[in-house]
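Report on one structure; see the data block that follows.
Chains as they are written, first to last, in the numbering used here: chain A, 294 to 634; chain B, 10 to 370; chain C, 42 to 382.
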């Protein structure tokens, strides 16, 4: 597979989720063209681990998250969750499998039905799966609402719009926990929130992960946020994986030029440091016609002819640290002088 | 009606551009909304001045009144169920009670605004070129051809790739970053002297955010504009504005030149806001500092300092008396706090809390 | 550890957003309160009059012999002396037919028709049929249109193609022509001696068929919009089945739009019925509908007898206006509910 490779997949440990050669393509109207949202990526998640997925919009990170839930089914590739191949499941079995993995969305307000009472929204999964008596359901819902910091009394007779964005995100989190899932996919859960609320929600997720024994896949575009919550980070660009590394290593010694760009783009709340240099010009090209070779080559300061023709494979540059780059910043055989553009 | 209205009519007639003194002078601006719940005091007595060519960052959580403040200064709020009082002087003339027709003359040419979501602030069914050209023709009386040429020039200035092609495209055909560039071109089109940017990068990727902020900075310098940048992220304003004003509960709680603010912030709220930003250099799983609770209810604000219920340094006085704006060591640094960061009482409480924490563990 | 970190662990009472003391009395200016109540008042009046015409003294006393039956059948004899009397308030209008000395020259709130029947009583009786026909038609149209639209909008694929094309075909067909065709097809032709009895259902059927395509369109578009919202994806990720998502998640969200549109639709159907009646295609002539009454009076317009046509037209106009105003109010109300607070 071009530009992806599987060198980073682990064989040891309690692997809860393993995705291989995942491809997601969507037709563009009736033009015959296709959006190559995700082009053959592989990764795995250990039980109890938090995997961060980071990248710009259009890099396929959200599509990857939804593909893990078969929403919709991937174009090709395999998703093995707790030993079950999800892509082979029939619709009804898939519905049942989804209860073990849950999702939290970016827009806290849009992800809650505006016409229903908050307590009913959180209870809905239990009603769908007929778990417990009415009383037991309410008890569980109220306990969870308390846990995420929402007053159950208020939730019983309020609709989502009566709550702030941060509180709606808490409600979403409570709903995702009500079926006792093992894996939670968080799709940009804090991007729409104020920094002060963002910190509250991130801390809450850390706490819930510990108390409920969760495994998290945390998708976001802000590397500082992803680093805070993740054990490992996977950097994506235009439907491909650029780099996978333990969170701290990724920051201290980024190997991919794109990772470096992401780190340099984070605004620093310090006027001494923040004499801002724009880390990169332009925006990612259209995923309808991705560039050949390394997909980052048109914007990469180190790109040469090889990068424009040959797609790099993920290879090891450190302990649990893998990069898909011909001229990585670390671990390359012959470091290439970075052209100043 | 404010007592200024009679005076206003006169000053419009005079309409002479005053080049001395501050560009914008806001005095005790109040903007309240009548709702079924009661009077929402979104902006409750804000005063500040902004000089020509300077930039001011307004920082606060949602519900702090920062967006309402910028719209109230521009006069963009609907009249229905809105109560505005105080004074907004632009180039020395009072603009708070201008009739709509006169405000329209100011919008675009004197003040313009960039919004958070470029998708909804651009007209989805109008070509980009026409959208930019419309303001030029309306405000500056340009011919169709001139307007198109100027639009192209503006698109080039905001460094949109292939500007000729973009003129005939629609907003949905552009990426988020490009749309925001179009918004900037649109805001610049009639050469305003004051630009408001209301969370201009919140909907964008970090990489694009840096580009857009830089672009706004370049435009500001080249055109010698003044800039008011509204955001919830202290990190965004740190490198991009000369002064920073922190808002809480509809009031200004701290204002200082950026360097001074970061070197010696006085409001516990400002400090807490700064500390809630996750830092990339911290190891992962570092516990984030949070501000507990929620922003105050603007209908029934708590008595005393409105931050007191969420402040761990609050004492009895904070809960009963509203702190006035106090000038710090630096003459341009003001804050509203009884027990500011660095004061003996604050230090004692910090030690107390630290002791309690280590005791608990 | 920083000092602010300590704050996070402290218990600080949250500031309640909503319930805190008695809010200060504030006068909120609202748009169209009076018109709203006028509209509701008129509709209530019309509905009560339509249902209870037979026992309501203000209607029956103006009918010959105090019986509303006499207002809905053709009359002969003495009563004809009262024919074509202008309304009492229209003092300037002179009856064209010579009245007997000592007899009234003006009669009733709306005058009398060529048969000497009181127009006000007939307009109220006409409300019964007009509202019944339009009401039933919109109800059936709504049920069928909603079903088709939701199925097409949610499942898409070939079902959508079929329904969408059918809708297009029906929308392309001249509406009134289709209705005329249906009504004439189902009604028995008149014989030489008397008009054949005309049942209600062909006209209702024609109007139902007229109302289905636009409603299907509306519901389909709304369903597509809501199906992409995160809360629907969330419901799917919780394992909800298609039918559950349609009826519990999507339907409650489109009902408000539907209701306000249905009111406008009902107004349109009243007009359509009127048009059919004008062409002599509605229910049997002596049973009044507004359209039939307007039609009956139209022959006399040239003779200067304006009230026979104008009075029922006025009642119809006021009713349509009231319905549309109410639709507006509903739309505003629901919009505000959904607004993010």
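Note that CB positions come from ideal geometry on N, CA and C, so glycine has one too.
Report task. Measure from the alpha carbon of residue 60/B to the alpha carbon of each residue in 228/B, 237/B and 74/B, then state which is nearest. Result -> Start at 1 with the first residue of the second chain, and residue 60/B comes out as number 51. Residue 237/B is the option with its Cα nearest to residue 60/B.
Query raised in the report: By Cβ distance, which residues of its chain are closer than 7 Å to residue 469/A, with the 5 residues on each side in sequence left out?
Result: The residue labelled residue 469/A in the question sits at position 176 within the first chain. Only 395, 396, 397 and 477 meet the Cβ criterion.
Query raised in the report: Taking 9 Å as the CB-CB cut-off, is residue 288/B touching chain A?
Result: As a first step, residue 288/B is located in the second chain; it is residue number 279 there, counting from the start. So, interface residue.
Query - residue 375/C, DSSP secondary structure in three states - result: Residue numbering aside, residue 375/C sits at position 334 when the third chain is read from its first letter. Residue 375/C: helix per DSSP, three-state reduction.
Query raised in the report: Taking just the CA atoms, how far does residue 174/C sit from residue 241/C?
Result: Residue mapping note: residue 241/C aligns to position 200 of the third chain, counting from 1. Residue mapping note: residue 174/C aligns to position 133 of the third chain, counting from 1. Spanning the two alpha carbons is a distance of roughly 7 Å.
**Report entry** Segment limits, beta strand (DSSP E) that includes residue 91/B
**Finding:** For the purposes of this step, residue 91/B is taken as residue 82 along the second chain, with counting starting at 1. Where residue 91/B is concerned, the enclosing beta strand (DSSP E) stretches over 91-99.
Query raised in the report: If you count every other CB in all the chains shown that lies within 10 Å of the CB of residue 347/A, and 16 or more means buried, which is it?
Result: If you number the first chain from 1, residue 347/A lands on position 54. Buried, since its Cβ has 16 or more Cβ neighbours within 10 Å.
Query raised in the report: How many Å lie between residue 200/C and residue 245/C at the Cα?
Result: Indexing the third chain from 1 puts residue 200/C at position 159. Indexing the third chain from 1 puts residue 245/C at position 204. Going by the C-alpha atoms only, they are around 27 Å apart.
Query - Own chain residues within Cβ distance below 8 Å of residue 133/B, not counting five before or after - result: Walking along the second chain from the start, residue 133/B turns up at place 124. The answer, listed in chain order, is 179, 180 and 181.
Query raised in the report: Who are the Cβ neighbours of residue 448/A in its own chain at under 6 Å, not counting the five residues just before and after it?
Result: For the purposes of this step, residue 448/A is identified with residue 155 of the first chain, where counting begins at 1. Around residue 448/A: 411, 412 and 438.
Query raised in the report: Interface residues of chain A around residue 79/B at Cβ under 8 Å?
Result: What you label residue 79/B is simply residue 70 of the second chain in a count that begins at 1. Chain A residues near residue 79/B: none, gap ~17 Å exceeds 8 Å.
**Report entry** Beta-carbon gap between residue 463/A and residue 483/A smaller than 9 Å
**Finding:** Taking the first residue of the first chain as position 1, residue 463/A is located at position 170. Taking the first residue of the first chain as position 1, residue 483/A is located at position 190. It is not a contact, given that the beta carbons lie outside the stated cut-off.
Query raised in the report: Excluding sequence positions up to five away, which residues of its chain have a Cβ less than 7 Å from the Cβ of residue 84/B?
Result: Mapped onto the second chain, residue 84/B falls at position 75. Contacts found: 104, 107 and 112.
**Report entry** For residue 329/A, the residue or residues it bridges with in DSSP
**Finding:** Mapped onto the first chain, residue 329/A falls at position 36. DSSP output for residue 329/A lists 318/A as bridge partner(s).
Query - Cβ shell of residue 261/C (< 6 Å), same chain only, five flanking positions each side left out - result: Here residue 261/C refers to the residue found at position 220 when the third chain is read from its first residue. Around residue 261/C: 190, 193 and 194.
Query - Within chain A, the residues that residue 279/C reaches when beta carbons sit closer than 8 Å - result: Looking up residue 279/C in the third chain gives position 238. What residue 279/C touches in chain A: 391, 392, 395, 417, 418, 421, 468 and 472.
Report task. Kindly indicate the opening and closing residues of the beta strand (DSSP E) around residue 533/A. Result -> The count along the first chain starts at 1 and reaches residue 533/A at position 240. Unbroken beta strand (DSSP E) run through residue 533/A: 533-539.
Query raised in the report: Which of the three DSSP states, helix, strand or coil, is assigned to residue 611/A?
Result: In the first chain, counting from the first residue as 1, residue 611/A sits at position 318. Reduced to three states, the DSSP call for residue 611/A is strand.
**Report entry** Selection from 68/B, 79/B, 308/B and 351/B that minimises the alpha carbon distance to residue 272/B
**Finding:** Here residue 272/B refers to the residue found at position 263 when the second chain is read from its first residue. With distances taken between Cα atoms, residue 272/B lies closest to 351/B.
Query - Enclosing beta strand (DSSP E) for residue 502/A [first to last residue] - result: Here the question's residue 502/A lines up with position 209 in the first chain. It is not in any beta strand (DSSP E) - residue 502/A instead sits in the alpha helix (DSSP H) that spans 488-505.
Requested in this report: Specify, as a first and last residue, the run of the alpha helix (DSSP H) that residue 550/A falls within.
Outcome: Stepping through the first chain from its first residue, residue 550/A is reached at position 257. Element bounds for residue 550/A: 550-558.
Report task. Might you give, ordered along the chain, the residues of its own chain that have their beta carbon closer than 8 Å to the beta carbon of residue 371/C, omitting 5 neighbours on each side? Result -> The residue you call residue 371/C lines up with position 330 of the third chain. Answer for residue 371/C: 297, 300, 301 and 304, listed in chain order.
Query raised in the report: For residue 377/A, which beta-bridge partners are listed by DSSP?
Result: Taking the first chain and counting its residues from 1, one reaches residue 377/A at position 84. Partner(s): 374/A.
Query - Contacting positions in the segment 423-445 of chain A - beta carbon closer than 8 Å to chain B - result: none
Requested in this report: Quick one: list the residues of chain A neighbouring residue 271/C, beta-carbon separation under 7 Å, in chain order.
Outcome: Locating residue 271/C in the third chain gives position 230, counting from the first residue. By Cβ distance, chain A contributes 398, 400, 403 and 404.
Query raised in the report: Considering residue 36/B, what are the terminal residues of the beta strand (DSSP E) in which it resides?
Result: Translated into the one-based positions of the second chain, residue 36/B becomes position 27. Residues 33-44.
**Report entry** Distance, residue 349/C Cα to residue 386/C Cα
**Finding:** In the structure as shown, chain C starts at 42 and stops at 382, and residue 386/C therefore has no counterpart that could be examined.
Query raised in the report: Can you list the alpha helix (DSSP H) stretches of 4 or more residues lying completely in the segment 390-459 of chain A, in chain order?
Result: 411-421, 427-441 and 445-449
Query raised in the report: Where do the N-terminal and C-terminal ends of the alpha helix (DSSP H) with residue 530/A fall, by residue?
Result: Within the first chain, numbered from 1, the residue matching residue 530/A stands at position 237. No alpha helix (DSSP H) contains residue 530/A, which is instead part of the beta strand (DSSP E) from 525-530.
Report task. Look up residue 116/B in the DSSP assignment and say whether it is helix, strand or coil. Result -> Your numbering for residue 116/B matches position 107 in the second chain. Strand, per DSSP.
**Report entry** Cβ pair residue 94/C, residue 158/C closer than 9 Å
**Finding:** Your numbering for residue 94/C matches position 53 in the third chain. Your numbering for residue 158/C matches position 117 in the third chain. Cβ atoms of residue 94/C and residue 158/C: not closer than 9 Å.
Requested in this report: Could you have a look at residue 197/B and say whether DSSP puts it in helix, strand or coil?
Outcome: In the second chain, counting from the first residue as 1, residue 197/B sits at position 188. Note: residue 197/B maps to helix in three-state DSSP.
Report task. Please name the residue in 505/A, 392/A, 520/A and 503/A whose C-alpha comes closest to that of residue 511/A. Result -> As a position in the first chain, residue 511/A is number 218, starting the count at 1. Nearest option by C-alpha distance: 520/A.
**Report entry** Bridge partner(s) assigned by DSSP for residue 479/A
**Finding:** Numbered from 1 along the first chain, position 186 holds the residue referred to as residue 479/A. Answer is 397/A and 511/A, bridged to residue 479/A.
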